[in-house]
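*Asks:* Sharing a structure with you now.
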Amino acid sequence: MFDGVVGDAGALAAVLERSNPRLAVLDSQSGLLASGVCALEHPENFTRGLDGVFSRMAGLLLNAVHHLGHTDETGISPAPVASSPPGPGLAKPLTFLSSAIAAKASARLARLLGQAPRWFVAWRRGANPGASLDIAWRDFTPLPDGGRGYYADPFVLLRGDTAHVFIEEVPFATGKGIISHFTIDAEGKATATRPVLERPYHLSYPFVFERDGETWMIPETSANRTVELYRAERFPDRWVKEAVLLDDILADDATLIEHGGRLWLFAGVRDWQASSWEALGLFHAETLMGPWQAHAGNPVLLDPAAARPAGAMFTHNGRLIRPAQDCRGGYGAGLAFARIDRLDEEGFAQEVVARVTPRTRKAEGLHTYNRSGDVEVIDLFGKV
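In this note's numbering, the protein residues as written are 252 to 635.
See the structure below:
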């Protein structure tokens with residue numbers, strides 16, 4: 252079903268309306284088997300929108316069939332719970348066409364005039380990061396990018412008084428992401444960025460962490476259909492690949508946490524032409540080098556409002572908090588903080604406890620939050 256309508260008509264209506272459709276798989280005997288909300292990554296493109304919706308429904312059907320034999324006693328939830336509201340009804344094709352043309356024309360004009368928004372990194376130092384989940388993003392200092400590209404996905408490690416920040420850098424000349432680095436001193440002064448890791452394929456989301464006396468990085472390498480682990484041979488500018496943790500997979504923004512005696516990877520997962528904004532997959536292992544196993548309930552969540560990872564997890568008021576992207580208004584439109592209520596091999600549950608959604612001329616989106624000590628880093632979509 253698409254938005255409560257059996258058959259393709261509901262999918263067509265949602266794409267024409269440019270709304271995120273609610274998907275459901277039902278069985279005449281068992282009732283609801285699986286459900287979730289699908290994201291429209293390209294709402295102005297009718298065929299790509301349908302491809303995404305049908306790709307996600309195909310995956311949902313396979314997931315439902317796989318878990319059809321499970322009962323509630325297994326602890327595996329057959330229907331990931333989504334929080335997004337159902338989409339509106341049928342829209343006229345002419346309205347869809349006119350709005351799509353207007354959106355493309357507006358974006359092209361902004362690029363020609365040099366007024367197009369882009370991602371940029373910002374930071375602040377000296378605040379109390381643990382006091383509140385309500386991020387005052389206006390208090391952050393933007394990192395100049397020189398107009399030659401954009402910066403995103405900042406991660407930070409504090410060593411002494413120096414904050415080491417790793418970011419995705421995408422030069423406009425190549426369009427291919429690399430990992431760059433800069434530092435922030437105790438007075439809040441930032442150095443220029445410099446590249447520290449480049450591969451033949453796109454890199455982003457440099458999840459950097461310390462473990463077993465070493466410094467590690469798991470950059471996003473979904474363009475290579477892998478999740479790769481790198482070790483700092485010489486911190487912060489020389490990295491060697493130590494392992495491929497997951498192979499032949501489209502996994503975005505892999506984020507590591509140790510919980511319940513096991514290591515867990517959270518990642519946005521997708522198949523075929525499905526959106527990368529909507530599905531959360533979990534993988535677990537006893538050691539960092541694996542072997543890594545997929546969670547029995549994958550995808551454990553299908554919801555563009557709070558699925559895709561948006562930074563390292565942290566503890567707030569004694570509870571584990573997971574930053575997630577809120578893509579209901581588009582890619583990286585906002586940030587959700589979700590409290591993890593269950594994480595084990597049989598189940599997963601989270602509840603969103605706070606959201607940050609910039610809506611000003613300066614910032615129209617925010618999709619990464621990280622902190623270390625008294626240093627916080629974010630990225631914003633807008634005009635530097």
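Think of the CB as a built atom: it goes at the ideal place given N, C-alpha and C, for glycine as much as any other residue.
It should be emphasised that the depicted structure is a prediction, and the values quoted were computed from it without experimental measurement.
Let me confirm a value: Phe-406 is counted as buried when at least 16 other C-beta atoms fall within 10 Å, else exposed. Which label applies?
*Replies:* The residue labelled residue 406 in the question sits at position 155 within the sequence shown. Under this definition Phe-406 is a buried residue.
*Asks:* Do Val-372 and Tyr-402 have their CB atoms nearer than 7 angstroms?
*Replies:* Here the question's residue 372 lines up with position 121 in the sequence shown. Here the question's residue 402 lines up with position 151 in the sequence shown. Yes. Within cutoff.
*Asks:* Classify Trp-543 as helix, strand or coil using the three-state DSSP reduction.
*Replies:* Mapped onto the sequence shown, residue 543 falls at position 292. Residue state, collapsed to three classes: coil.
*Asks:* Do Leu-571 and Val-551 have their beta-carbon atoms positioned less than 7 angstroms apart in this structure?
*Replies:* One-based indexing of the sequence shown puts residue 551 at position 300. One-based indexing of the sequence shown puts residue 571 at position 320. Not a contact, by the Cβ cut-off of 7 angstroms.
*Asks:* Terminal residues of the continuous beta strand (DSSP E) containing Gln-576?
*Replies:* The count along the sequence shown starts at 1 and reaches residue 576 at position 325. Segment 570-577, the beta strand (DSSP E) holding Gln-576.
*Asks:* By how many angstroms is the C-alpha of Val-304 removed from the C-alpha of Ala-525?
*Replies:* Counting from 1 along the sequence shown, the entry for residue 525 is found at position 274. Counting from 1 along the sequence shown, the entry for residue 304 is found at position 53. Spanning the two alpha carbons is a distance of roughly 7 angstroms.
*Asks:* Could you tell me which residues DSSP pairs with Tyr-401 in its beta bridges?
*Replies:* Walking along the sequence shown from the start, residue 401 turns up at place 150. Its beta-bridge partners are Val-421.
*Asks:* Buried or exposed: which applies to Ala-367, given that a residue is buried once 16 or more other Cβ atoms fall within 10 Å of its Cβ?
*Replies:* Taking the first residue of the sequence shown as position 1, residue 367 is located at position 116. That one is exposed.
*Asks:* Which two residues bound the contiguous beta strand (DSSP E) that contains Tyr-456?
*Replies:* Here residue 456 refers to the residue found at position 205 when the sequence shown is read from its first residue. Unbroken beta strand (DSSP E) run through Tyr-456: 455-462.
*Asks:* If you draw a straight line from the C-alpha of Thr-434 to the C-alpha of Ile-418, how long is it?
*Replies:* If you number the sequence shown from 1, residue 434 lands on position 183. If you number the sequence shown from 1, residue 418 lands on position 167. Thr-434 and Ile-418: Cα-Cα distance of roughly 11 angstroms.
*Asks:* For Ala-530, name the three-state secondary structure that DSSP assigns.
*Replies:* By 1-based counting over the sequence shown, the position of residue 530 is 279. Looking at Ala-530 - three-state DSSP - the assignment turns out to be strand.
*Asks:* Let's see if you can read the secondary structure: which residues bound the beta strand (DSSP E) around Pro-470?
*Replies:* Translated into positions along the sequence shown, residue 470 becomes position 219. Pro-470 -> beta strand (DSSP E) spans 465-472.
*Asks:* Take Ala-587 and list the residues in its own chain whose beta-carbon comes closer than 6 angstroms to its own, dropping the five residues that flank it on each side.
*Replies:* For the purposes of this step, residue 587 is taken as the residue at position 336 of the sequence shown. For Ala-587, where only same-chain residues beyond five positions count, the Cβ hits under 6 angstroms are Ala-557, Ala-575, Asp-577, Val-603, Arg-606.
*Asks:* With a Cβ-Cβ cutoff of 7 angstroms, do Arg-502 and Val-520 count as a contact?
*Replies:* If you number the sequence shown from 1, residue 502 lands on position 251. If you number the sequence shown from 1, residue 520 lands on position 269. Strictly speaking, residue 502 in this sequence is Ala, with Arg absent from that position. Against a cut-off of 7 angstroms, the Cβ pair of Val-520 and Ala-502 comes out as a contact.
*Asks:* Per DSSP, what kind of secondary structure is Glu-268 in: helix, strand or coil?
*Replies:* Within the sequence shown, the letter at position 17 stands for residue 268. Three-state DSSP puts Glu-268 in a helix.
*Asks:* Measure the alpha-carbon distance for Phe-460 versus Leu-263 and round it to whole angstroms.
*Replies:* Residue mapping note: residue 460 aligns to position 209 of the sequence shown, counting from 1. Residue mapping note: residue 263 aligns to position 12 of the sequence shown, counting from 1. In a straight line, the C-alpha of Phe-460 is about 44 angstroms away from that of Leu-263.
*Asks:* Please determine, among Ala-545, Thr-477, Asp-488, Ala-483, the residue with the shortest C-alpha to C-alpha distance to Leu-454.
*Replies:* To locate residue 454, count along the sequence shown from 1; it is residue 203. When only C-alpha atoms are compared, the closest one is Thr-477.
*Asks:* Cβ atoms of Phe-391 and Trp-370: under 7 angstroms apart, would you say?
*Replies:* Start at 1 with the first residue of the sequence shown, and residue 370 comes out as number 119. Start at 1 with the first residue of the sequence shown, and residue 391 comes out as number 140. Against a cut-off of 7 angstroms, the Cβ pair of Phe-391 and Trp-370 comes out as no contact.
*Asks:* Three-state secondary structure (DSSP) at Thr-434?
*Replies:* Reading the sequence shown from its first residue, position 183 is the one you call residue 434. The answer is strand: DSSP assigns Thr-434 an E or B state.
*Asks:* Is it the case that the Cβ atoms of Ile-430 and Pro-457 are separated by a distance below 7 angstroms?
*Replies:* As a working note, residue 430 is residue 179 in the sequence shown. As a working note, residue 457 is residue 206 in the sequence shown. The answer is yes: Cβ separation under 7 angstroms.
*Asks:* For Ala-494, does the count of other Cβ atoms within 10 angstroms reach 16, so buried, or fall short, so exposed?
*Replies:* The residue you call residue 494 lines up with position 243 of the sequence shown. Classification of Ala-494: exposed, given that the 10 Å Cβ count is below 16.
*Asks:* Tell me the DSSP secondary structure of Asp-390 in three-state form.
*Replies:* As a first step, residue 390 is located in the sequence shown; it is residue number 139 there, counting from the start. The answer is helix: DSSP assigns Asp-390 an H, G or I state.
*Asks:* In the DSSP output, what is Val-288 paired with across the bridge?
*Replies:* Within the sequence shown, the letter at position 37 stands for residue 288. Arg-273.
*Asks:* Is Arg-593 near Ala-600, with beta carbons less than 7 angstroms apart?
*Replies:* By one-based count along the sequence shown, residue 593 stands at place 342. By one-based count along the sequence shown, residue 600 stands at place 349. A contact, by the Cβ cut-off of 7 angstroms.
*Asks:* How should Arg-579 be labelled, buried or exposed, when 16 other C-beta atoms within 10 angstroms of its C-beta is the threshold for buried?
*Replies:* As a position in the sequence shown, residue 579 is number 328, starting the count at 1. By the neighbour-count rule (16 or more Cβ atoms within 10 Å), Arg-579 is buried.
*Asks:* Straight-line CA distance for Leu-507 to Trp-467?
*Replies:* Within the sequence shown, the letter at position 256 stands for residue 507. Within the sequence shown, the letter at position 216 stands for residue 467. Taking the straight line from one Cα to the other gives about 11 angstroms.
*Asks:* With a cut-off of 8 angstroms on the beta carbons, I'd call Asp-686 and Val-288 a contact; round off their distance for me.
*Replies:* In the structure as shown, the chain starts at 252 and stops at 635, and residue 686 therefore has no counterpart that could be examined.
*Asks:* Could you tell me how far apart the beta carbons of Glu-596 and His-535 are, in whole angstroms, since I believe they sit closer than 8 angstroms?
*Replies:* Here residue 596 corresponds to residue number 345 of the sequence shown, with the count starting at 1. Here residue 535 corresponds to residue number 284 of the sequence shown, with the count starting at 1. Confirmed, about 7 angstroms.
*Asks:* Can you give the Cα-Cα distance for Arg-410 and Glu-529, rounded to whole angstroms?
*Replies:* Working through the sequence shown from its first residue, we reach residue 410 at position 159. Working through the sequence shown from its first residue, we reach residue 529 at position 278. In a straight line, the C-alpha of Arg-410 is about 35 angstroms away from that of Glu-529.
*Asks:* Output yes or no for whether 7 angstroms exceeds the beta carbon distance between Asp-625 and Gly-377.
*Replies:* Walking along the sequence shown from the start, residue 625 turns up at place 374. Walking along the sequence shown from the start, residue 377 turns up at place 126. Yes; because the gap between Cβ atoms is below 7 angstroms, this pair is in contact.
*Asks:* Suppose you measure from the CA of Phe-517 to the CA of Leu-531; what does that come to, to the nearest Å?
*Replies:* Within the sequence shown, residue 517 is the residue found at index 266, counting from 1. Within the sequence shown, residue 531 is the residue found at index 280, counting from 1. If I take the Cα positions, the gap works out to 7 angstroms.
*Asks:* Could you tell me the distance, in whole angstroms, from the CA atom of Glu-471 to the CA atom of Glu-479?
*Replies:* Residue mapping note: residue 471 aligns to position 220 of the sequence shown, counting from 1. Residue mapping note: residue 479 aligns to position 228 of the sequence shown, counting from 1. Taking the straight line joining both Cα atoms gives about 8 angstroms.
*Asks:* Leaving out five residues before and five after Arg-307 in sequence, what residues of the same chain have Cβ atoms less than 6 angstroms from its Cβ?
*Replies:* Residue mapping note: residue 307 aligns to position 56 of the sequence shown, counting from 1. Correct list, in chain order: Cys-289, Ala-525.
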